[in-house]
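S.K.: Take the sequence shown: its letter number 143 is residue 143 in UniProt numbering, and every next letter is one higher.
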Amino acid sequence: MTRWEEDYQLIDSEGLFQEYLEMGEFPFARGFKKVLQFGFITIFVAAFPLAPLFALLNNWVEIRLDAQKFVCETRRIVAERAENIGIWFKILHMLAHLAVISNAFLIAFTSEFLPKLLYQYEYDWNLVGYVNFTLAYAPPGTMPQSCRYRGLRDEKGDHTPFFWRLLAVRLAFVIVFE
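#1: With a threshold of 16 other CB atoms inside 10 Å of the CB of residue 95, please say whether the residue is buried or exposed.
#2: With distance defined between alpha-carbon atoms, name the residue in 62, 38 and 114 nearest to residue 127.
#3: Please return the same chain residues whose Cβ sits closer than 6 angstroms to the Cβ of residue 130, not counting the five positions on each side in sequence.
#4: Would you call the region 87-104 and the region 162-170 in contact, with 3 or more CB pairs under 8 angstroms?
#5: Say whether the region 132-144 touches the region 66-85, bearing in mind that this needs 3 or more beta-carbon pairs closer than 8 angstroms, one atom from each stretch.
#6: Name the two residues that bound the continuous beta strand (DSSP E) containing residue 8.
#7: With DSSP run on the structure shown, which of helix, strand or coil describes residue 11?
#8: With burial defined as no fewer than 16 other Cβ atoms inside 10 Å of the residue's Cβ, what is the status of residue 52: buried or exposed?
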């Protein structure tokens with residue numbers, strides 16, 4: 001049997017999109033897995049910085065396994081010309097903008113970078129007393145002993161002026177970060 005006859009006996013390929021992207025038959029499914037992975041990685045990269053590395057390793061292994069399958073187990077597919085990736089470009093563009101906004105809020109409202117910077121600017125450049133400054137006293141009568149918690153509040157439980165300035169700095173950071 002000749003080589004081309006042996007190749008014809010291989011499994012008929014369903015196409016690159018269904019195999020590589022491992023999705024169903026409906027049109028919207030093409031590319032959904034990779035776009036979903038891109039979305040999770042870009043939106044939550046500040047929360048888990050190793051995610052892009054794991055995604056890279058995962059995609060590298062997937063590409064190698066799929067290449068082995070295409071070369072050794074399936075027939076060669078007929079190439080089809082495409083101008084672009086269609087609607088997926090707009091979806092990826094929207095995900096990139098959402099990721100920038102999400103990471104800006106994550107950095108502004110969960111890190112100590114901006115509170116420390118504002119404290120240094122307003123009070124003490126070497127951060128002496130910063131931890132004590134950020135702790136508020138529990139309202140009298142709620143605990144038998146004096147208790148402190150993390151919060152920018154005065155003795156009555158109202159937010160301090162520093163809290164409102166910090167909130168303004170955080171929102172300004174989000175706007176500038178975009």
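The C-beta atom is built at its ideal place from N, Cα and C for all residues, glycine as well.
M.R.: Here's the rundown:
#1: Per the 10 Å Cβ criterion, buried.
#2: It is 114 whose Cα lies nearest to the Cα of residue 127.
#3: Excluding sequence neighbours, residue 130 sits near 119.
#4: The count of Cβ pairs closer than 8 angstroms, one atom from the region 87-104 and one from the region 162-170, stays below three, leaving the stretches out of contact.
#5: Not touching, per the Cβ criterion.
#6: Per DSSP, residue 8 belongs to no beta strand (DSSP E); it is in the alpha helix (DSSP H), 3-8.
#7: DSSP places residue 11 in strand when its eight states are reduced to three.
#8: By the neighbour-count rule (16 or more Cβ atoms within 10 Å), residue 52 is not buried but exposed.
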